[in-house]
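> Residue numbering for the sequence shown follows this note's numbering, starting at 940 and increasing by one per position. We put the CB at the ideal spot given by N, CA and C, even for glycine. All of these numbers come straight from a predicted model, not from anything done at the bench. Starting off with a structure, shown below.
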Amino acid sequence: MDLRPHHLLCTQGYGGKGYSGEFVENMNRLTDRLRSGEPVSIRLKFSTDDLCTYCPHMLGEDFCRTNEKVKRFDRKVVEYFHLEEKEYIYQELVEKIRKEITPEMLADICAGCSWYPVSACKEKILGI
Ligand code: SF4
């Protein structure tokens, strides 16, 4: 599975709402797999990923309708957690992020995201 850096957070906070029916269906399928408890190998990709593929905002490869914003989310996740464009086990990465992240870091990364105030990101990622 290809995941872009900030989607390491979105896949934790996701609570069933999304940009379209097709997007939600795909997101449900992917998050069911990632949350099943079985280790899932992912390829961290600094570009369009398997969530973007079904998103109405994807205009092309590495070209989101809100590209400047999503690239900023990605860059901050990469910098805070020292990530590289390579294969990881999703559950190991999530564990590392949950150990290292602070409320200030999450608020900084997700500033400007319309889902952040209404999703379960703080609860799932910070445990509060
Ligand atoms: S809004 Fe942009 S970054 Fe987010 S899933 Fe859609 S295409 Fe991908």
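1. Under 5 Å, CB to any heavy atom of the ligand SF4. Which residues pass, going along the chain?
2. Could you compute how far the alpha carbon of Y1090 sits from the alpha carbon of N965?
3. Quick check on the DSSP output: the beta strand (DSSP E) that includes G952 runs from which residue to which?
4. When DSSP labels each residue in this structure, what does M966 get in the three-state scheme?
5. With a Cβ-Cβ cutoff of 9 Å, do V1009 and L947 count as a contact?
Concretely, from the data shown:
1. L990, C991, C994, H996, M997, C1003, V1009
2. The question about residue 1090 has no answer here: the residues shown for the chain are numbered 940 through 1067.
3. Walking along the sequence shown from the start, residue 952 turns up at place 13. Counting along the chain, G952 falls outside any beta strand (DSSP E), though it belongs to the alpha helix (DSSP H) covering 946-952.
4. Sequence index remark: in the sequence shown, residue 966 carries index 27 (1-based). M966 falls in the helix class under three-state DSSP.
5. What you label residue 1009 is simply residue 70 of the sequence shown in a count that begins at 1. What you label residue 947 is simply residue 8 of the sequence shown in a count that begins at 1. Going by C-beta atoms, V1009 is not nearer than 9 Å to L947.
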